[in-house]
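The structure under discussion appears below in the form of structure tokens.
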Amino acid sequence: DIHDARPLFENRRRFYSEEVDDPLLKRMRVAETTPGVTRVVLELADGVEATPSQLSNPHRLMIELRHGAAPPVDAPPQLATTPVSALPLAASAPITPPSSPKVPLASVTSEPSKVMLSEPASTAPPIVLEAKAETSPPLEPPSSPAAPSRSPNLAETAKSARHTSSGQSSLVRALGLKVNRIVIDPGHGGHDQGTSGPKGLLEKELVLDVSLRLGKLIEDRMGAEVIYTRTDDTFIPLEGRTALANDKKADLFLSIHANSSPAPQVSGIETYYLNFTDSKDALDLAARENASSERSVFELKDLLQRISLHDKAEESHEFANRIQTALYAFSARTFPAEKNRGVRKAPFVVLIGANMPSVLAEIGFLSNPKEEALLKKPDYRQKLAEALYRGVSRYVESLSHYQMALN
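Under our numbering, the first residue of the sequence shown is numbered 489, with each subsequent residue one higher.
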């Protein structure tokens, strides 16, 4: 059982079983037994020994299979490997040495995990691996790894990144970088209520609900790990939100807010990424959202440098484009005459410190009575979360990723 990890299945059954035409491996079974716990079972032929090891970048578990009898010295060993890398995990699962001498493991962490061999009740005894995700550094690949050979019925295709919507290829895309962990940031919280509607709907309550709905969709459908900056009515400093994302080594950062305007007829959705702007509306919005910042005037020079050197700006812009396109497609069905407020740039403190592509989505105007009435409805919030998910997933799919297929 691999804890804090979720497999990526093509179907919704959360289960995969495949008979393997191989002299060492009879069958492979993978299932998500409970949310966040993935069980991998290998049914081996008689006399087969298994050696699990962990590889990094991306994190994956490889299990090397070999016949128990040692081959002649002058002959290469008869090996077949079946890596679990064919099923990408949302969190790494380091493996440590078990007590059984039949399964030699490289030491990865100080706290032992377990590898249990079942009693040989049949000719194909299964091997069940148990591991806990650790925060220690991942194990480097073995010095002489065997060349992996996959099941003939299971294929893993690496999809290369597509160009951005502007036709460019950023360094993130050129390096084939992928998304495994996403931080969702519900704006405000605690004594910082954010804006409010004429009927009393609070921004901090609205965005928390939508964020939790979105996170569940990402976990269930995409299989990525989701981390929230808050899951209840707690105040989190702006600087602490991106600090959390950096500490957790997140690949994306999405901050969710609701908008406000002195003119109650103003409506619509807009998405922001970090950059300089001379737009009065964008600067006014940034001033409201940055009100709880603990930065001082003395830090202005440092903040300006960090904005101008923000090397994720190109990917953040692309991420914002995907989010805005999906949100407006949903919003236009509800308000056909509504104007697309588009992707904008602004100096949001909550985005300045992020080391990954980061955007801020304004999901509606609470100052508009019609929008406030809709934003109170659970089904409308769920549809908003669905639209946000489509934006996130389309951005992730535009990057390099693995795609599973059965031959």
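All residues carry an ideal CB built from backbone N, CA and C; glycine is no exception.
Contact set for Asn843: own chain, Cβ-Cβ below 6 Å, skip 5 residues either direction
If you number the sequence shown from 1, residue 843 lands on position 355. Taken in chain order, the residues that qualify are Asn734.
Please return the same chain residues whose Cβ sits closer than 8 Å to the Cβ of Ala731, not counting the five positions on each side in sequence.
Sequence index remark: in the sequence shown, residue 731 carries index 243 (1-based). So the qualifying residues of the chain are Gly841.
Just checking, does the region 668 to 684 make contact with the region 710 to 721 on the three C-beta pairs under 8 Å criterion?
yes
Mind checking whether Asn747 and Ser846 have CB atoms under 9 Å apart?
For the purposes of this step, residue 747 is taken as the residue at position 259 of the sequence shown. For the purposes of this step, residue 846 is taken as the residue at position 358 of the sequence shown. Contact flag unset, no.
Which of the three DSSP states is assigned to Asp673 in this structure?
For the purposes of this step, residue 673 is taken as residue 185 along the sequence shown, with counting starting at 1. Looking at Asp673 - three-state DSSP - the assignment turns out to be strand.
Comparing alpha-carbon positions, which option in Gly682, Ile744 and Leu512 lies nearest Val439?
A question about residue 439 goes unanswered here, because the residues of the chain that appear run from 489 up to 895.
With a Cβ-Cβ cutoff of 9 Å, do Glu758 and Arg821 count as a contact?
Here residue 758 refers to the residue found at position 270 of the sequence shown. Here residue 821 refers to the residue found at position 333 of the sequence shown. No, they are not a contact pair.
Sequence-distant residues of its chain with Cβ nearer than 6 Å to Pro760 (five each side left out):
Start at 1 with the first residue of the sequence shown, and residue 760 comes out as number 272. Correcting the residue type first, residue 760 is Tyr in the shown sequence and not Pro. Only Arg832, Ala834 and Leu848 meet the Cβ criterion.
Helix or strand or just coil, what does DSSP make of Val684?
In the sequence shown, counting from the first residue as 1, residue 684 sits at position 196. At residue 684 the sequence reads Ser, which differs from the Val that was named. Looking at Ser684 - three-state DSSP - the assignment turns out to be strand.
Taking only the alpha-carbon atoms, compute the straight-line gap between Ala753 and Gly852 and give it to the nearest angstrom.
Stepping through the sequence shown from its first residue, residue 753 is reached at position 265. Stepping through the sequence shown from its first residue, residue 852 is reached at position 364. Per the sequence presented here, residue 753 reads as Gln, with Ala not at that position. Computed Cα separation, rounded: 12 Å.
Do you know whose CA, among Ser505, Pro511, Val525 and Asp509, lies nearest Arg517's CA?
In the sequence shown, residue 517 corresponds to position 29, counting from 1. Checking every option, the nearest Cα to that of Arg517 belongs to Ser505.
Can you give the beta carbon distance from Glu826 to Ser755, rounded, assuming they're within the 8 Å contact cut?
On the sequence shown, position 338 is the one that residue 826 refers to. On the sequence shown, position 267 is the one that residue 755 refers to. That pair is a contact at about 6 Å.
4-residue-minimum alpha helix (DSSP H) runs that sit fully inside the region 797 to 822, ordered along the chain
801 to 822
Could you give the C-beta distance for Glu537 and Lys514, rounded to a whole number, given that I count them as a contact under 8 Å?
Residue 537 sits at position 49 when you count from the first residue of the sequence shown. Residue 514 sits at position 26 when you count from the first residue of the sequence shown. With 8 Å as the limit, Glu537 and Lys514 do not qualify as a contact, their Cβ atoms being about 15 Å apart.
According to the neighbour-count rule (16 or more other Cβ atoms, all chains shown, within 10 Å of its Cβ), is Gly535 buried or exposed?
Mapped onto the sequence shown, residue 535 falls at position 47. So Gly535 ends up on the exposed side.
Just to check, is the beta-carbon of Gly664 closer than 8 Å to a non-hydrogen atom of the ligand HEM?
You won't find the ligand HEM in this model; it holds no ligand whatsoever.
Cut-off 7 Å between Cβ atoms - residues of its own chain near Asp697, not counting five sequence neighbours on either side:
Numbered from its first residue, the sequence shown carries residue 697 at position 209. The residues are Arg869.
Closest by CA to Val690, which one among Lys871, Leu863 and Asp509?
Taking the sequence shown and counting its residues from 1, one reaches residue 690 at position 202. In the sequence under discussion, the amino acid at residue 690 is Leu, which differs from the Val named in the question. Nearest of Lys871, Leu863 and Asp509 to Leu690, Cα basis: Leu863.
Host alpha helix (DSSP H) of Ala751 (start-end):
For the purposes of this step, residue 751 is identified with residue 263 of the sequence shown, where counting begins at 1. Looking at the DSSP string, Ala751 is not in any alpha helix (DSSP H), and its letter there is neither H nor E.
Looking at C-alpha atoms only, which residue of Lys800, Lys858, Lys736 and Asn668 is the closest neighbour of Gly685?
What you label residue 685 is simply residue 197 of the sequence shown in a count that begins at 1. Comparing Cα positions, the closest option is Lys858.
Determine the burial state of Glu628: buried for a count of at least 16 other Cβ atoms within 10 Å of its Cβ, exposed for fewer.
Here residue 628 is taken as the residue at index 140 of the sequence shown, counted from 1. Legend: pLDDT at Glu628 = 46, less than 50; position of this residue unreliable, no value from coordinates given.
Select from Glu552, Val671 and Ser749 the residue whose C-alpha is nearest the C-alpha of Thr683.
Counting from one through the sequence shown, the residue named residue 683 turns up at place 195. Checking every option, the nearest Cα to that of Thr683 belongs to Ser749.
Distance, Ile490 Cα to Gly703 Cα:
As a first step, residue 703 must be located in the sequence shown, where it is residue number 215. As a first step, residue 490 must be located in the sequence shown, where it is residue number 2. For Gly703 and Ile490, the distance between alpha carbons rounds to 21 Å.
In the DSSP output, which residue or residues are listed as bridge partners for Pro540?
The sequence position of residue 540 within the sequence shown is 52, counting from 1. Beta-bridge pairing links Pro540 to Ile551.
Top-ranked residue by Cα proximity to Phe741, from Thr722, Thr521, Val529 and Ala801
As a position in the sequence shown, residue 741 is number 253, starting the count at 1. Minimum Cα distance to Phe741 is reached at Ala801.
Can you tell me whether DSSP reads Val508 as helix, strand or coil?
One-based indexing of the sequence shown puts residue 508 at position 20. DSSP places Val508 in coil when its eight states are reduced to three.
By how many angstroms is the C-alpha of Asn809 removed from the C-alpha of Val561?
For the purposes of this step, residue 561 is taken as the residue at position 73 of the sequence shown. For the purposes of this step, residue 809 is taken as the residue at position 321 of the sequence shown. Reliability of the predicted coordinates at Val561 is poor, the pLDDT of 49 falling under 50, and the value obtained from them is presented with this limitation in mind. If I take the Cα positions, the gap works out to 60 Å.
Given that a residue counts as buried once 16 or more other Cβ atoms are within 10 Å of its Cβ, and exposed if not, what is Pro495?
Residue 495 sits at position 7 when you count from the first residue of the sequence shown. Its Cβ being crowded by 16 or more others within 10 Å, Pro495 is buried.
Determine the DSSP secondary structure at Ile840, reduced to helix, strand or coil.
Working through the sequence shown from its first residue, we reach residue 840 at position 352. Reduced to three states, the DSSP call for Ile840 is helix.
Tell whether a beta-carbon distance below 9 Å holds between Asp673 and Ser699.
Walking along the sequence shown from the start, residue 673 turns up at place 185. Walking along the sequence shown from the start, residue 699 turns up at place 211. Contact: yes.
Quick check on DSSP: helix, strand or coil for Ser743?
One-based indexing of the sequence shown puts residue 743 at position 255. Of the three classes helix, strand and coil, the one that applies to Ser743 here is strand, per DSSP.
Beta strand (DSSP E) containing Ala731: first to last residue?
Position 243 of the sequence shown holds residue 731. Note, Ala731: premise wrong, no beta strand (DSSP E); alpha helix (DSSP H) at Leu726 to Asp735.
According to the Cβ coordinates, are Leu815 and Ala875 closer than 9 Å?
As a position in the sequence shown, residue 815 is number 327, starting the count at 1. As a position in the sequence shown, residue 875 is number 387, starting the count at 1. A contact, by the Cβ cut-off of 9 Å.
Hey, would you say His712 sits closer than 9 Å to Val884, going by beta carbons?
Residue mapping note: residue 712 aligns to position 224 of the sequence shown, counting from 1. Residue mapping note: residue 884 aligns to position 396 of the sequence shown, counting from 1. Position check: residue 712 holds Ala in this sequence, whereas His was assumed. In contact: Ala712 and Val884 (Cβ atoms closer than 9 Å).
From Phe818 to His555, what distance separates their C-alpha atoms?
Position 330 of the sequence shown holds residue 818. Position 67 of the sequence shown holds residue 555. Roughly 57 Å separates the two Cα atoms.
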